[in-house]
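Please read the structure below before turning to the comments.
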Amino acid sequence: MSDNNDFKSKDKEKEKDIRTSNIVAAKAIADTVRTSLGPKGMDKMIQTSKADKEVIITNDGATILKEMKVVHPTAKMMVELSQAQDVEAGDGTTSVVVIAGSLLSASQQLIAKQIHATMIAESYSLAATKAIEILQESVAVPLDLNDKKSLLKSASTSLNSKVVSQYSSVLAPICVDAVLSIIEKDTGMVDLKNIRIVKKIGDTIDDTSLVNGLIFTQGTAHKAGGPTMVEKAKIGLIQFCLSSPKSNMENSVVLDDYRKMDRFIDQERIYIQKICRQIKRTGCNVLLIQKSILRDAVNDISLKFLADMKILVVTDVERSDIEFIAKTLNCSPCASIETFTKEKLGSAELVMEEQTSGGKIVKVTGVPGTQTVSILCRGSNALMLDECERSVHDALCVIRSLVKCKYVVPGGGAPEIELSLQLANYAKTVGGQASYCIRAFAEALEVIPYTLAENAGLSPIAIVTELRNRHANGEKTAGINVRKGAITDILEENVLQPLLVSKSAISLATEAVCMILKIDDIVTAR
Amino acid sequence: FLFGFFLKCKMANFQPVQLFRGGSVEERGENARMSNFVGAVALTDLMRTTLGPKGMDKILQSMGHNGEITVTNDGATILKSIHVDNAAAKVLVDISKTQDAEVGDGTTSVCVLAGELLREAEKLIEINIHPQTIVEGYNLAASIARKRLEEIAECNGEDAEKFEQDLLNIARTTLSSKIVRNDKDHFSRLCVDAVLRLKGSKNLDAIHIIKKPGGSLKESRLEEGFILEKRIGVGCPKRIENAKVLIANTTMDTDKIKVYGAKVKTDSIQTVAEIEDVEKQRMWTKTQKIVDHGINCFINRQLIYNLPEEYFASKGIMSIEHADFDGIERLALVLGGEIVSTFDHPEQVKLGTCDLIEEDMIGEDKVIRFSGVALGEACTIVLRGATEQLLDEAERSIHDALCVISQTTGERRIVLGGGCSEIECALAVDQAAQKTSGKKALALEAYARALRQIPSIIADNAGYDSAELVSQLRAAHAEGKISMGLDMKDGGIGCMKELGITESFKVKSQVIISASEAAEMILRVDQIFKSAPRQRSQDP
Chain A
55 MSDNNDFKSK DKEKEKDIRT SNIVAAKAIA DTVRTSLGPK GMDKMIQTSK
105 ADKEVIITND GATILKEMKV VHPTAKMMVE LSQAQDVEAG DGTTSVVVIA
155 GSLLSASQQL IAKQIHATMI AESYSLAATK AIEILQESVA VPLDLNDKKS
205 LLKSASTSLN SKVVSQYSSV LAPICVDAVL SIIEKDTGMV DLKNIRIVKK
255 IGDTIDDTSL VNGLIFTQGT AHKAGGPTMV EKAKIGLIQF CLSSPKSNME
305 NSVVLDDYRK MDRFIDQERI YIQKICRQIK RTGCNVLLIQ KSILRDAVND
355 ISLKFLADMK ILVVTDVERS DIEFIAKTLN CSPCASIETF TKEKLGSAEL
405 VMEEQTSGGK IVKVTGVPGT QTVSILCRGS NALMLDECER SVHDALCVIR
455 SLVKCKYVVP GGGAPEIELS LQLANYAKTV GGQASYCIRA FAEALEVIPY
505 TLAENAGLSP IAIVTELRNR HANGEKTAGI NVRKGAITDI LEENVLQPLL
555 VSKSAISLAT EAVCMILKID DIVTAR
Chain B
436 FLFGFFLKCK MANFQPVQLF RGGSVEERGE NARMSNFVGA VALTDLMRTT
486 LGPKGMDKIL QSMGHNGEIT VTNDGATILK SIHVDNAAAK VLVDISKTQD
536 AEVGDGTTSV CVLAGELLRE AEKLIEINIH PQTIVEGYNL AASIARKRLE
586 EIAECNGEDA EKFEQDLLNI ARTTLSSKIV RNDKDHFSRL CVDAVLRLKG
636 SKNLDAIHII KKPGGSLKES RLEEGFILEK RIGVGCPKRI ENAKVLIANT
686 TMDTDKIKVY GAKVKTDSIQ TVAEIEDVEK QRMWTKTQKI VDHGINCFIN
736 RQLIYNLPEE YFASKGIMSI EHADFDGIER LALVLGGEIV STFDHPEQVK
786 LGTCDLIEED MIGEDKVIRF SGVALGEACT IVLRGATEQL LDEAERSIHD
836 ALCVISQTTG ERRIVLGGGC SEIECALAVD QAAQKTSGKK ALALEAYARA
886 LRQIPSIIAD NAGYDSAELV SQLRAAHAEG KISMGLDMKD GGIGCMKELG
936 ITESFKVKSQ VIISASEAAE MILRVDQIFK SAPRQRSQDP
């Protein structure tokens, strides 16, 4: 029997080791992204492992983690945690990881006190449920979707912590307008796929604009001197090719006589001309052509004919964009010339090619469809542009979550401190080990204001204790004003974030932590 | 005297005659048995920490270079994915798989019980009891245990309300050791509702589980009808009432001639254009044939190219492309249609039907919902959660619960959990042992001890004093309080009936049968041959 006991104690040792290594790995991830939290958070430069060593500069938690290529199992789970937050709320991807890290270090101490891991997990999820209740009841402020100012404030709060923070006054209204215009009337759903973000290098972020219509970055095909501006456009969206015919079976044209060569060239011209005429006959004056991988979508001959017919041509339209375009222009795509009729054309007030500093773009404005918008992102270099796109996406998500759940909470660490206080009180009403765990949970939430202060170069301890004091005196909206470096009423500073973001950050972080806590072994599988 | 014979064998082994091809390994008698015990016991030790409501999870890290990870508590999943290079351990892996296929749950219990039986057998062999005697004893013990289990089993099958409560309790007990334990009430309700919709049918394929990261586990829900994670073709109607659906697996680009290098030669571009035209015509004819089925929704497993898609759109038919194999088969099942590949005889084709097809949003994605489907019982469980691993594990847990519940709708008897039935069976075996003369009695006692290990491990995993609790439990059962079991919430013993900890009779009895059989099988072994590995020209 004594052998048996030895074995067991060794087992327990191993269990502890694995749990510790899991927690350490997860905390390491949290520490990496910690410094990027808040308006004064720093950015990370990531050199990707791809062949060209592409560099990404970002402040977005989800992006940092996605590119980090971690190997440790629990570290991977943290990465996915931030991805889930990205899907659910779109913002708060850094916070969720930081909270999870803090909860894990709290549980490390609890485990050291001989509290069973499942007990901790159970109490944590109890605390999380209570926390969400508190958020909903005593912290959240209802929001009216017609109140554009509050929406703007929320969008700015999200943008302020990004690389593009200095342009938040430009980007915030764009994001708010974009989301508000695509809310589906009857269901109230928001599908962000109805917002197309188009990137084009050149100019500055200031020039980013919202376009009620379409933007093509490829410019018109004007090799043959076609028009570059069409008013009262009749737009055709075609999925067939304007080039010499090609059957699905392999084919070859064999010419055995030089005279046949002339005939061949003639025939090709006549063939294409026929198609182009048919297109013209429908009254179409703008043609969007889907990219084809099997053969050339257009060739010089067809471009020439189309130019002669004063038809503006945009080529290389991706198949994935077809639905968006069809919806915007109110047209239907045509897959063969036979079905290309007048009824299938879409319309727009103006299709115009614009010369910008980074190249030509085509803008289609005055479109009949109202359920779609495009955002044209501009930026001086590719890095900036990518980060701008990510930030805009985050801001769009913030607005979307406000549409989903019409409440906001103050930012600047205010809700976390309030939760921490109220949960500590709640812990007193629960008996036993659970009470201990809930108190640890409450304290762990203070990591957000602590980190905010730390990143802003303030004294974290002084700030957090003062914040605690102010909240205990009933100032529920007191938060860290990073700009002033002091504690103020955060609502007056217009720092708002959607309730959904805070809510999902807490519930997702808790779920992931509970899962990590319950693990006692890592087994290599095939 | 047999033992002496074994010894002689061993002696004779000193100058081995080369019987087998080089590389083969042969283990005999005591050695073979030892290696079996060691393998089985090691495997059991790996599994035992996952048992019970406070059992822990394992991370399975895959050897592949992307190093995928799985977090799980499910015995079958762990055993399926680990590398085992021991004959006995492989047997345990197999019984766990059988248990999974047979009843879906109790995969850990069966492995742990078999391991404990072997551990006990090892002690008996040490005191010179022949393996066959042990096998005989175990066999007898198993039948006694099963008889007792049948006696204490209860059946509320007649009373619909009580039965539903039973199902809920069973689901809760199954889920209480899984990742979803914090929301087990929610999930047990969900599982029971899903199974009750099936109205006695055991076809779990009608319950579709889809996983969407984001949200929390609490937001998981049961949706009526079927949900397909695809998008509707461009320009098609997005909402169809009284849908007639044709489910197909056919190429919708071109009907190619499947001869390698088929080629046409022409001498003018006109001819090429004509060929292209004919090809287009063929496609149209095919599409027209499909339309002639009188459908308003067409779902294909493969891609639908632009040309047919446009044609369908113009006829007001919803087309959905690239629904994968799994999707197609389920659709065919729930919509009551057939999967079709040729379209010449519309009158012979069975079309799928449903009341409404529409788009819906889950998380960030749009999905297609089929409601009011022909197979009225079909439903979809939408799982939400923080990470991919969490969702996968939740899916496995839900699957286990669904299996057990649907089993119970057939075999309606239930037994009490929390180690209660094990202790009661052990008691019955012990009593029988007292009346049995001969060495068999020792085997019976050993069997009872192994059974008692199950509650003991459950208590150990929860960090309680297992020796104290199990002895309390034994005393209570000896006094006739047969509903007493471990209460892992308060760390004491309590009435399982009041706590609502019940398990399916079928699962429990299957655990006893499979574990005993496996243990017997391993015990009978006295020789192991390992064939030489196949020679490979190059090491991969």
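In order, the protein sequences belong to chains A and B.
Per the numbering used here, the first sequence runs over residues 55 to 580.
Per the numbering used here, the second sequence runs over residues 436 to 975.
Virtual Cβ for every residue (Gly too), placed ideally from N, Cα, C.
Subject >> Between the CA atoms of Leu481 of chain B and Lys62 of chain A - distance to the nearest angstrom >> reply: Only weak support is given to the placement of Lys62 of chain A: the predicted model assigns it a pLDDT of 45, under 50, and the value that follows is read from those uncertain coordinates. Taking the straight line joining both Cα atoms gives about 11 angstroms.
**OP:** Compare the C-alpha of Leu610 of chain B against each of B:Asp601, B:Phe598, B:Ser623 and B:Ile644 and name the closest.
**Re:** B:Ser623
Original post:
Checking contacts by CB at 7 angstroms: is Val340 of chain A closer than that to chain B?
Top reply: no
Subject >> Selection from B:Pro672, B:Met718 and B:Phe661 that minimises the alpha carbon distance to Thr685 of chain B >> reply: B:Met718
Subject >> Exposure label - Pro196 of chain A; buried when at least 16 CB within 10 Å >> reply: exposed
Subject >> Minimum C-alpha distance to Ile645 of chain B - residue among B:Glu938, B:Arg831, B:Ile569 and B:Leu495 >> reply: B:Arg831
Original post:
So, does the CB of Tyr325 of chain A fall closer than 7 angstroms to a CB anywhere in chain B?
Top reply: yes
Original post:
What are the boundary residues of the alpha helix (DSSP H) that Leu879 of chain B is part of?
Top reply: Lys875 to Asn896
Original post:
Just curious, the beta strand (DSSP E) that Gly820 of chain B is in, first and last residue?
Top reply: Cys814 to Gly820
Original post:
With 7 angstroms set as the bound, which would you pick, yes or no: does the beta-carbon of Leu583 of chain A sit closer than that to a beta-carbon of chain B?
Top reply: A query on residue 583 of chain A cannot be resolved here, the shown segment of chain A reaching from 55 to 580 and no further.
**OP:** Report buried or exposed for Met315 of chain A, applying the criterion of at least 16 other Cβ atoms within 10 angstroms of its Cβ.
**Re:** exposed
Subject >> Cβ-Cβ distance between Lys207 of chain A and Asn548 of chain A below 7 angstroms >> reply: yes
Original post:
Is any beta-carbon of chain A found at less than 7 angstroms from that of Gly412 of chain B?
Top reply: Given that chain B is displayed from residue 436 to residue 975, the structure contains no residue 412 of chain B and the question cannot be resolved.
**OP:** Please report how far the alpha carbon of Cys52 of chain A lies from the alpha carbon of Val452 of chain A, in whole angstroms.
**Re:** Shown here, chain A extends from 55 to 580; a query on residue 52 of chain A therefore has no answer.
Original post:
In this structure, does DSSP put Gln168 of chain A in helix, strand or coil?
Top reply: coil
Subject >> Which of helix, strand or coil DSSP assigns to Pro743 of chain B >> reply: helix
Original post:
What does His170 of chain A reach in chain B if we use C-beta pairs closer than 8 angstroms?
Top reply: Lys489, Ala897 and Gly898
Original post:
Are the C-beta atoms of Ser346 of chain A and some chain B residue less than 7 angstroms apart?
Top reply: no
**OP:** Give every residue of the same chain whose Cβ lies closer than 7 angstroms to the Cβ of Ile917 of chain B, excluding the five residues on either side of it in the sequence, and list them in chain order.
**Re:** Ile587 and Glu859
Subject >> Simplified DSSP state of Gln409 of chain A, which is helix, strand or coil >> reply: strand
**OP:** Give the residues from the stretch 655-677 of chain B that approach chain A closer than 7 angstroms (Cβ to any Cβ), ordered along the chain.
**Re:** Val669 and Gly670
**OP:** List the residues of chain B that Ala232 of chain A touches, going by C-beta distances under 9 angstroms, in chain order.
**Re:** Residues of chain B passing the Cβ test: none, with the nearest at roughly 16 angstroms.
Subject >> Three-state secondary structure assigned by DSSP to Lys203 of chain A >> reply: helix
Original post:
Apart from the five residues on each side of it in sequence, which residues of its chain come closer than 8 angstroms, Cβ to Cβ, to Asp60 of chain A?
Top reply: With a pLDDT of 41 at Asp60 of chain A, under the threshold of 50, the modelled position of this residue cannot be trusted; read the value that follows with caution. None.
Original post:
Nearest chain A C-beta to Glu987 of chain B closer than 7 angstroms, yes or no?
Top reply: In the structure displayed, chain B extends from 436 to 975; residue 987 of chain B sits before or after that span and is not available.
**OP:** Using the Cα positions of Gly464 of chain B and Val960 of chain B, report the straight-line distance between them to the nearest angstrom.
**Re:** 8 angstroms
Original post:
Using a beta-carbon distance below 7 angstroms, is Gln293 of chain A in contact with chain B?
Top reply: yes
**OP:** Enumerate in chain order the residues of its own chain whose CB-to-CB distance from Asp492 of chain B is below 8 angstroms, with the five nearest sequence positions on each side excluded.
**Re:** Thr485, Val506, Thr507, Asn508, Ile614 and Glu828
Original post:
Cys388 of chain A: buried (16+ other C-beta within 10 angstroms of its C-beta) or exposed?
Top reply: buried
Original post:
Any Cβ of chain A within less than 7 angstroms of the Cβ of Asn684 of chain B?
Top reply: no
**OP:** Name, please, each residue of chain B whose Cβ falls closer than 7 angstroms to the Cβ of Leu309 of chain A.
**Re:** Asp702
Subject >> Spatial distance of Ile515 of chain A from Ala171 of chain A (CA atoms) >> reply: 30 angstroms
Original post:
Just to confirm, are Gly92 of chain A and Asn509 of chain A a CB contact at a threshold of 7 angstroms?
Top reply: yes
Original post:
Looking only at its own chain, which residues have a Cβ that is under 6 angstroms from the Cβ of Ala84 of chain A, when we skip the five neighbours before and after it?
Top reply: Val151, Val152 and Gly155
Subject >> the stretch 108-141 of chain A: positions lying closer than 7 angstroms to chain B by Cβ >> reply: Val125, Pro127, Lys130, Met131, Glu134, Leu135, Gln137, Ala138 and Val141
Subject >> Per-residue DSSP class, three states only, for His643 of chain B >> reply: strand
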